[in-house]
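**Student:** One structure follows; several queries about it will come next.
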Amino acid sequence: MFGNWFSCRELFEIFSLYQPFLTPKLINRQPAKPISNSIPHLCKAMISIQVDNEVEVRQLTPKDAQPLYKLVEANRSFLGEWMPWVAETKSAVDTGNFIQRETDRYIEGKAIAGGIWYNGELCGTCGFNRIDSNHLQTEIGYWLNEPLQGRGIVSRACQGLINFGFQTFKILRVEIRCLEGNFRSQAIAERLGFKLEGVLRNAEIRHDGIPHNLLIFGLLREEWRVQIWRRTEEDSIT
Ligand SMILES: CC(C)(COP(=O)(O)OP(=O)(O)OC[C@H]1O[C@@H](n2cnc3c(N)ncnc32)[C@H](O)[C@@H]1OP(=O)(O)O)[C@@H](O)C(=O)NCCC(=O)NCCS
Numbered sequence: 001m002f003g004n005w006f007s008c009r010e011l012f013e014i015f016s017l018y019q020p021f022l023t024p025k026l027i028n029r030q031p032a033k034p035i036s037n038s039i040p041h042l043c044k045a046m047i048s049i050q051v052d053n054e055v056e057v058r059q060l061t062p063k064d065a066q067p068l069y070k071l072v073e074a075n076r077s078f079l080g081e082w083m084p085w086v087a088e089t090k091s092a093v094d095t096g097n098f099i100q101r102e103t104d105r106y107i108e109g110k111a112i113a114g115g116i117w118y119n120g121e122l123c124g125t126c127g128f129n130r131i132d133s134n135h136l137q138t139e140i141g142y143w144l145n146e147p148l149q150g151r152g153i154v155s156r157a158c159q160g161l162i163n164f165g166f167q168t169f170k171i172l173r174v175e176i177r178c179l180e181g182n183f184r185s186q187a188i189a190e191r192l193g194f195k196l197e198g199v200l201r202n203a204e205i206r207h208d209g210i211p212h213n214l215l216i217f218g219l220l221r222e223e224w225r226v227q228i229w230r231r232t233e234e235d236s237i238t
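Just so we're aligned, residue 1 is where the sequence shown starts under the numbering used here, counting upward by one.
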């Protein structure tokens, strides 16, 4: 009865044969991916995020150069273990130049260099090292005055900045890159709900000349929204 009809297998073979010609047309019919360049337009005002009653993340300004350099100086060997820029930071002028460069990049919508204030004292940094406003991605970086470790200061500061990125800049993805073996940094990514997405092997040479693997962690907008939803649920129960 269905002698003139194609069997499923035949239909599949016909589709496979013509698929290379069909696919480009199908792709062309997809709506163009929206590309946002609104981030540079938002980068006008100074950013200050009061995370809780102890922790504040505030954009660095030239007047922070001296205290920030003092912190780098006091933590030179601690920070130098994981952060190569420390060896090149030899004076408050270098720190001032860094703040100026990052301020220029902020105006272009390419970065936010934030300081962390703990009970009113500058104690480290937490910022978006790079912002890609075409693809709505960013990478977060941080460090802390060594004696203040273990109080959740950086986790809280990062959470505040991440919320800001997703809410205000409508970011789709935040990345944390950390060297394998930097367990405290890795713990921050995990505590904040980031997923380990991959390992770049021998990607960075450390101060001791040994190449290290680089761990890439990512947090997507939809995952962050679930976190917010869960926290709201928990708050309503307690
Ligand atoms: C990476 C670095 C910032 C981590 O500092 P940290 O103090 O461990 O991180 P946090 O401020 O988030 O504190 C987490 C600790 O506080 C505790 N904590 C207390 N209150 C907390 C709170 N409200 N929220 C979260 N954690 C809290 C956590 O349990 C954790 O304790 P633990 O040390 O016993 O594991 C710090 O080691 C550093 O500056 N390292 C050198 C620079 C560096 O490697 N930067 C990262 C490059 S990728």
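Positions of the beta carbon are idealized from the N, C-alpha and C atoms, including for glycine.
Would you check if there are 3 or more beta carbon pairs closer than 8 angstroms linking the region 56 to 63 to the region 110 to 120?
**Tutor:** They touch, by the three-pair rule.
**Student:** Does the beta-carbon of arginine 191 have 16 or more other beta-carbons within 10 angstroms, so that it is buried, or is it exposed?
**Tutor:** If you number the sequence shown from 1, residue 191 lands on position 191. Classification of arginine 191: exposed, given that the 10 Å Cβ count is below 16.
**Student:** Return the CA-CA distance between leucine 148 and arginine 230, expressed in angstroms with no decimal places.
**Tutor:** Position 148 of the sequence shown holds residue 148. Position 230 of the sequence shown holds residue 230. Cα-Cα distance, rounded: 29 angstroms.
**Student:** To the nearest whole angstrom, what separates the beta carbons of isoleucine 171 and threonine 125, a pair I think is in contact under 8 angstroms?
**Tutor:** As a working note, residue 171 is residue 171 in the sequence shown. As a working note, residue 125 is residue 125 in the sequence shown. 19 angstroms between Cβ atoms; not a contact.
**Student:** Going by beta-carbon coordinates alone, are tyrosine 106 and isoleucine 153 separated by less than 9 angstroms?
**Tutor:** One-based indexing of the sequence shown puts residue 106 at position 106. One-based indexing of the sequence shown puts residue 153 at position 153. Their beta carbons are not under 9 angstroms apart, which means tyrosine 106 does not touch isoleucine 153 by this criterion.
**Student:** Please go through the same chain and pick out, in chain order, the residues whose beta-carbon is closer than 6 angstroms to the beta-carbon of alanine 32, but skip the five residues on each side of it.
**Tutor:** For the purposes of this step, residue 32 is taken as the residue at position 32 of the sequence shown. For alanine 32, the pLDDT reaches just 45, beneath the cut-off of 50, and the residue's location in the model is therefore unreliable, although a value from the coordinates is still provided. None.
**Student:** Please name the residue or residues paired with lysine 239 in a DSSP beta bridge.
**Tutor:** Residue coverage of the chain in this structure runs from 1 to 238, which leaves residue 239 outside it and unanswerable.
**Student:** Asparagine 129 to isoleucine 99, Cα distance in whole Å?
**Tutor:** Translated into positions along the sequence shown, residue 129 becomes position 129. Translated into positions along the sequence shown, residue 99 becomes position 99. Going from the Cα of asparagine 129 to the Cα of isoleucine 99 covers about 12 angstroms.
**Student:** Just to confirm, does glutamine 59 get its C-beta within under 8 angstroms of one of the non-hydrogen atoms of ligand 1?
**Tutor:** The residue labelled residue 59 in the question sits at position 59 within the sequence shown. Result no, Cβ not under 8 angstroms from ligand 1.
**Student:** If contact is defined by three or more beta carbon pairs under 8 angstroms, each pair taking one atom from either stretch, is the region 207 to 218 in contact with the region 156 to 172?
**Tutor:** No contact exists between the region 156 to 172 and the region 207 to 218.
**Student:** Give me the Cα-Cα distance between leucine 144 and serine 48, rounded to the nearest whole angstrom.
**Tutor:** Position 144 of the sequence shown, counted from the start, is the residue given in the question as residue 144. Position 48 of the sequence shown, counted from the start, is the residue given in the question as residue 48. Roughly 18 angstroms between the two C-alpha positions.
**Student:** Does the beta-carbon of alanine 111, which I'm using as the reference point, lie nearer than 8 angstroms to any heavy atom of ligand 1?
**Tutor:** Counting from 1 along the sequence shown, the entry for residue 111 is found at position 111. Flag unset: Cβ of alanine 111 not near ligand 1.
**Student:** Please tell me whether isoleucine 140 and cysteine 158 are closer than 9 angstroms, where the distance is taken between their beta carbons.
**Tutor:** Here residue 140 refers to the residue found at position 140 of the sequence shown. Here residue 158 refers to the residue found at position 158 of the sequence shown. Their beta carbons are under 9 angstroms apart, which means isoleucine 140 touches cysteine 158 by this criterion.
**Student:** Assuming the contact rule is C-beta atoms closer than 8 angstroms, glycine 96 and alanine 65 should be a hit. Round their C-beta distance to whole Å, please.
**Tutor:** Working through the sequence shown from its first residue, we reach residue 96 at position 96. Working through the sequence shown from its first residue, we reach residue 65 at position 65. That pair is a contact at about 4 angstroms.
**Student:** Quick one: complete beta strand (DSSP E) runs, 3+ long, within the region 74 to 156?
**Tutor:** Runs of the beta strand (DSSP E) inside the region 74 to 156: 114 to 118, 121 to 132 and 137 to 144.
**Student:** When the Cα atoms are used, what is the spatial distance from serine 38 to arginine 221?
**Tutor:** Numbered from 1 along the sequence shown, position 38 holds the residue referred to as residue 38. Numbered from 1 along the sequence shown, position 221 holds the residue referred to as residue 221. The alpha-carbon atoms of serine 38 and arginine 221 are separated by roughly 17 angstroms.
**Student:** Glutamate 197 and leucine 179: beta carbons closer than 9 angstroms?
**Tutor:** Position 197 of the sequence shown holds residue 197. Position 179 of the sequence shown holds residue 179. Taking 9 angstroms as the Cβ cut-off, glutamate 197 and leucine 179 do not qualify as a contacting pair.
**Student:** With leucine 122 and leucine 200 assumed to form a contact (beta carbons below 8 angstroms), what rounded beta-carbon distance in angstroms separates them?
**Tutor:** As a first step, residue 122 must be located in the sequence shown, where it is residue number 122. As a first step, residue 200 must be located in the sequence shown, where it is residue number 200. Wrong, their Cβ atoms sit about 32 angstroms apart, outside the cutoff.
**Student:** Go ahead and label glycine 165 buried or exposed: buried means 16 or more other beta carbons lie within 10 angstroms of its beta carbon, across all protein chains shown.
**Tutor:** Sequence index remark: in the sequence shown, residue 165 carries index 165 (1-based). Looking at its Cβ environment, which holds 16 or more other Cβ atoms inside 10 Å, glycine 165 is buried.
**Student:** Using only CA atoms, which one of Phe194, Ser133, Met83 and Ser77 lies nearest to threonine 40?
**Tutor:** Residue 40 sits at position 40 when you count from the first residue of the sequence shown. Per the sequence presented here, residue 40 reads as proline, with threonine not at that position. Nearest of Phe194, Ser133, Met83 and Ser77 to proline 40, Cα basis: Ser133.
**Student:** If glycine 193 sits next to glutamate 146, beta carbons under 8 angstroms apart, how far is it from one beta carbon to the other, in whole angstroms?
**Tutor:** As a working note, residue 193 is residue 193 in the sequence shown. As a working note, residue 146 is residue 146 in the sequence shown. Wrong, their Cβ atoms sit about 26 angstroms apart, outside the cutoff.
**Student:** Taking just the CA atoms, how far does alanine 189 sit from isoleucine 176?
**Tutor:** For this step, residue 176 is matched to residue 176 along the sequence shown. For this step, residue 189 is matched to residue 189 along the sequence shown. Rounded to whole angstroms, isoleucine 176 to alanine 189 spans 7 angstroms at the Cα level.
**Student:** Which residues bound the alpha helix (DSSP H) around leucine 42?
**Tutor:** Taking the sequence shown and counting its residues from 1, the one referred to as residue 42 is at position 42. Start and end: 39 to 42.
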